[in-house]
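Chemist: Sharing a structure, written as C-alpha cells. Questions coming.
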Amino acid sequence: MNLTSLSGAGFWLGALALAGALFALQRLRVRHREVTVVTTLFWRDALEETRARTLMERFRHPLAYLLALLVALLGWLSFGAPIADRDDGSDHLFVLDVSAPMAVGERFEEATRALIDEVRRTDRAHRHVVACGSRLETLLAPGEDELLLEERLAAVEPEACAPGVERALLVLARRAGEDPLLVVHLLGDAPVRTEVLALLGDRTRVERILPAGSDAGSQRVAPAIVDVACGPSASGLDRVDVWARTVGGRTDLVLVDGADRRTPTTVATADGRTLFTFEDLAGDGRAVTVEFEGPGAEPLRGRAEVVLPDRRALRVATVADLPTGLEMALRSNAGVEFVEPSRAEVVVRYVGDDFGGGLPALELSTADGDDEAFVLVHESDAADPRSLLFEALGDLGLEWIDGDELATATGRAIELGERVGPVRAFRLWAELCGSGGAFARDAAFPLVVARALEWLSGRADPHWIVRAGDPLPDARAAFEPNGAESTAALDPVGGQLVPPRAGLYRSGDGAVLIAAGPAARPFDDAVTSRDAAAPPSSAFDLANLLLLLLAGLFVVEWNLVRRGRMP
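Take numbering that gives the first Met the number 0: the last position of the sequence shown gets the number 566, and nothing is skipped along the way.
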C-alpha cells in the first residue's frame, strides 16, 4: 500500500501523536458529583466535596482506549489517501492511437475506456500515457493521478493523419537495453512491423490491448480515400480530370460539384485499392468534393475536397505598338484571349503608360531607364527579396534563358531585380523583345512571356496533392499550416518536409499544398494482442473503504457510550 497525501514518516509520526493524545485523555479524571444541599449554610462544604482532587489518575479501560485509537488511526489513514501497491518492477508506457482510422464507429471511445481501466491497474510512479497522432502528446506523466487522465481525454479526438505509432516506438529504441523492463501498451489499430520491434531490444515489450468485444480484423478495412489528384483532360485545353484512390472495396464514390453529383467514368481495382476517374470537368478554379454515398466510411477520410486548376483562357489587353517578337509570342499562346482593357485580367504596356489603369501589367522598359534587364514589382515589402528572386527563376522560366548570349548581344550585364509597388508587374527591356532581339530569338522567350502572364494574373497553380506522411516534392520550400496563429514556418532543415496531417498548407511564396488523406498500406501487424482487463467490480478505492469502516466504528462507539459501557 502507498500513501499519496502523506509520506511514510509523516504517517507514523501522526499515528504516535494520536496515540499519545488519547492516552493522556484516558488518564484525565475531571469528574463531578451531584450533591443535594438542604440549606445554603452548607454551600461551601458541598463545593469542596464535589471538586476534583487530582487531575490524572491511573490508566483504566484499555478496551475503550483501543477502540478510540482504532477510530483515530483509521481517520488518519484515510487522510493519507492510501492506494494498493501496484508496482510490478516495470515501467509502463500507454500509447493511444489518435490517427484517422480511429474515428470509425465507436473505436476511439472503446480504446479510451480500455485505457482508463488499464491505467488504474499500474503504479502511478512507473506509468506514462501519450496520445500518438501527428505528434506525441503526454496525457499523464509519471506520478500524476489517473483522475487527470479522464479530464484530458475529453479534449482529445482522432486527427486526419496517418498512424504514427511506429515513429513513437523508434524514439524508444534509444533506451533499448536499459533497466527496468519497459512494457508498451498500444491502444488502437496502428500497425507495427517486425523490423521496428527488433530495434527496441530485449528490455522493451510491446503488446496491443483490444477493447472488450472488438474485432480488430474487421475494424481495419473501413472505406477511406487515400489519394486524390487532378490534371489536364484529353478533351480540351480548359478541361480537367480528377482521380481518387480508395481502400475498403467500396465502389459508391461520387464527385459533388455544386448540386451535381457525378459518378466515375472508370473504376479500376488493383492491390486492394480502387482507382476512380472523373473526366472532363471545367477547369475554372472551383472546389469540388469526392465522397462515399453510403454510411460506414471513415469520418476523416471518407470525404476529400479538390480545388480544380483554373485553365480558362487568360484575358489580356495590349497596347497597339508592341515589339514584333513580343507580339508573336502573345499571339502564339493558345491560353490567351485578347480583350478590351475593361475586361482584362492582365495588360501589356510600356513603363509610365496608364493603359489598363491599376491592373497587373507586363511592362516594357528601356536599357537606359532600368539597370536590370528583368524587374519583379510586388505588392508587399515584407517579402524576402532573395527568396522572391530565387523563386522567380523557376516560376517565370528565367532559368532556361541563355544569359551569356544576352549579355554578349546587349553589351550589358543581365540582372534580375525587384521593386515594391501598388500592383504586380513584370518589367523587361523592350530592346530584347524585337524581332531581331537576342531574347526574342531565344527558345525560352515564349515560355517566359506565358509564365509572366500567369504570375501576374494571380491564378493559383494547381495544388500539390500529396498524402499526409509523404514528403513534399520540393525540398526548398518551407511550409506552414494555413491560418495558423504562429508565423514560424515548418522548416525541413536540409531535408524534405513531411506534412503530418491532412489540411491546407501555405508556403512563404504563396504556393498551396493540400495534404490529402493519410496513406494506407496492407496491415502487417507484428504486435501480440490481449483483451483489455475487465473493469473493477467496485468503484470504491481503498480510502473510501476505510471511511466506511470509520463511520461504522463511530456508530458502535456512540452506542457503547449511550449504554454506559464506555466512559
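Just so you know, even glycine gets a beta-carbon here, dropped at the ideal spot from N, CA and C. Bear in mind that the values here come from a model prediction, so they are computed numbers and not experimental data.
Mind checking Gly19: buried by the 16 CB within 10 Å criterion, or exposed?
Modeler: Position 20 of the sequence shown, counting from 1, holds the residue named residue 19. Exposed is the call here.
Chemist: Does the beta-carbon of Phe337 have 16 or more other beta-carbons within 10 angstroms, so that it is buried, or is it exposed?
Modeler: Walking along the sequence shown from the start, residue 337 turns up at place 338. Exposed, since its Cβ has fewer than 16 Cβ neighbours within 10 Å.
Chemist: According to the neighbour-count rule (16 or more other Cβ atoms, all chains shown, within 10 Å of its Cβ), is Thr193 buried or exposed?
Modeler: Here residue 193 is taken as the residue at index 194 of the sequence shown, counted from 1. Looking at its Cβ environment, which holds fewer than 16 other Cβ atoms inside 10 Å, Thr193 is exposed.
Chemist: In angstroms with no decimal places, state the Cα-to-Cα distance between Ser386 and Glu417.
Modeler: As a working mapping, residue 386 is identified with position 387 in the sequence shown. As a working mapping, residue 417 is identified with position 418 in the sequence shown. When rounded, the distance between both Cα atoms is 11 Å.
Chemist: Is Gly433 near Gly324, with beta carbons less than 7 Å apart?
Modeler: The count along the sequence shown starts at 1 and reaches residue 433 at position 434. The count along the sequence shown starts at 1 and reaches residue 324 at position 325. Yes, the pair counts as a contact, with Cβ atoms nearer than the cut-off.
Chemist: Taking Val335 as the reference, give the member of Val448, Val555 and Asp352 with the closest Cα.
Modeler: Walking along the sequence shown from the start, residue 335 turns up at place 336. Looking only at Val448, Val555 and Asp352, the smallest Cα-Cα distance to Val335 is reached by Val448.
Chemist: Of the choices Leu252, Gly284, Leu299 and Arg285, whose alpha-carbon is the least far from that of Phe277?
Modeler: Against the sequence shown, residue 277 aligns to sequence position 278. Among Leu252, Gly284, Leu299 and Arg285, the Cα nearest to that of Phe277 belongs to Leu252.
Chemist: From the DSSP output, which residues share a beta bridge with Ala243?
Modeler: For this step, residue 243 is matched to residue 244 along the sequence shown. For Ala243, which the question treats as bridged, DSSP gives the partners Val227 and Phe275.
Chemist: State the beta-bridge partners of Ala269 as determined by DSSP.
Modeler: The residue given as residue 269 occupies position 270 in the sequence shown. DSSP output for Ala269 lists Arg272 as bridge partner(s).
Chemist: Can you tell me whether Thr262 is buried or exposed? The criterion is at least 16 other CB atoms within 10 Å of its CB, across all chains shown.
Modeler: Here residue 262 is taken as the residue at index 263 of the sequence shown, counted from 1. Answer is exposed; the Cβ neighbour count stays below 16.
Chemist: Just the C-alpha distance for Leu66 and Glu556, rounded to the nearest angstrom, thanks.
Modeler: As a first step, residue 66 is located in the sequence shown; it is residue number 67 there, counting from the start. As a first step, residue 556 is located in the sequence shown; it is residue number 557 there, counting from the start. Each residue's alpha carbon lies about 8 Å from the other.
Chemist: Do Leu186 and Leu68 have their C-beta atoms within less than 7 Å of each other?
Modeler: Taking the first residue of the sequence shown as 1, we reach residue 186 at position 187. Taking the first residue of the sequence shown as 1, we reach residue 68 at position 69. No, the Cβ-Cβ distance between Leu186 and Leu68 is not below 7 Å.
Chemist: So for Arg423, helix, strand or coil by DSSP?
Modeler: Walking along the sequence shown from the start, residue 423 turns up at place 424. Three-state DSSP puts Arg423 in coil, outside helix and strand.
Chemist: Hey, which unbroken runs of the alpha helix (DSSP H) at 4 residues or more fall wholly within the segment 92-145?
Modeler: 106-118
Chemist: To the nearest angstrom, how far is it from the Cα of Arg475 to the Cα of Ala267?
Modeler: Taking the first residue of the sequence shown as 1, we reach residue 475 at position 476. Taking the first residue of the sequence shown as 1, we reach residue 267 at position 268. Annotation note: pLDDT 41 at Arg475 (below 50); position unreliable, coordinate value reported separately. When rounded, the distance between both Cα atoms is 35 Å.
Chemist: Can you tell me whether DSSP reads Leu547 as helix, strand or coil?
Modeler: Walking along the sequence shown from the start, residue 547 turns up at place 548. In the three-state reduction of the DSSP assignment, Leu547 falls in the helix class, which pools H, G and I.
Chemist: Rounded to whole angstroms, what's the CA-CA distance from Arg123 to Leu148? Just pull it up for me.
Modeler: As a position in the sequence shown, residue 123 is number 124, starting the count at 1. As a position in the sequence shown, residue 148 is number 149, starting the count at 1. Near 12 Å, if we compare the C-alpha coordinates of Leu148 and Arg123.
Chemist: Going by other Cβ atoms of all chains shown within 10 Å of its Cβ, with 16 needed for buried, is Gly502 buried or exposed?
Modeler: As a working mapping, residue 502 is identified with position 503 in the sequence shown. The residue in question, Gly502, is buried, as its Cβ has 16 or more Cβ neighbours within 10 Å.
Chemist: So, under 8 Å CB-CB, Ile400 and Ala406 are touching, yes? Tell me the CB distance rounded to an integer number of Å.
Modeler: Within the sequence shown, residue 400 is the residue found at index 401, counting from 1. Within the sequence shown, residue 406 is the residue found at index 407, counting from 1. Not really, about 11 Å apart at Cβ, beyond 8 Å.
Chemist: Among Leu431, Gly104, Val103 and Val350, which residue has its Cα nearest to the Cα of Phe444?
Modeler: Here residue 444 refers to the residue found at position 445 of the sequence shown. Measuring from the Cα of Phe444, the nearest candidate turns out to be Leu431.
Chemist: Helix or strand or just coil, what does DSSP make of Arg458?
Modeler: Here residue 458 is taken as the residue at index 459 of the sequence shown, counted from 1. Coil, per DSSP.
Chemist: For Leu171 and Leu199, what's the separation of their Cα atoms in angstroms?
Modeler: Sequence index remark: in the sequence shown, residue 171 carries index 172 (1-based). Sequence index remark: in the sequence shown, residue 199 carries index 200 (1-based). Taking the straight line joining both Cα atoms gives about 7 Å.
Chemist: Closer than 6 Å by C-beta to Ala286: which residues in its own chain qualify, once you throw out the five before and the five after it? Chain order, please.
Modeler: By one-based count along the sequence shown, residue 286 stands at place 287. Glu304 and Val306, listed in sequence order.
Chemist: Just verifying my parser: in three-state terms, what is the DSSP assignment at Gly324?
Modeler: One-based indexing of the sequence shown puts residue 324 at position 325. The answer is helix: DSSP assigns Gly324 an H, G or I state.
Chemist: Buried or exposed for Phe553, please, with buried defined as at least 16 other CB atoms from any protein chain shown within 10 angstroms of its CB.
Modeler: The count along the sequence shown starts at 1 and reaches residue 553 at position 554. Classification of Phe553: exposed, given that the 10 Å Cβ count is below 16.
Chemist: With a threshold of 16 other CB atoms inside 10 Å of the CB of Leu114, please say whether the residue is buried or exposed.
Modeler: As a working mapping, residue 114 is identified with position 115 in the sequence shown. Classification for Leu114: buried.
Chemist: Tell me, which residues are paired with Ser364 by DSSP?
Modeler: Here residue 364 corresponds to residue number 365 of the sequence shown, with the count starting at 1. For Ser364, the pairing in a beta bridge is given by DSSP as Trp428.
Chemist: Would you tell me roughly how many angstroms separate the C-alpha atoms of Glu344 and Pro359, rounded to the nearest one?
Modeler: Taking the first residue of the sequence shown as position 1, residue 344 is located at position 345. Taking the first residue of the sequence shown as position 1, residue 359 is located at position 360. Glu344 and Pro359: Cα-Cα distance of roughly 7 Å.
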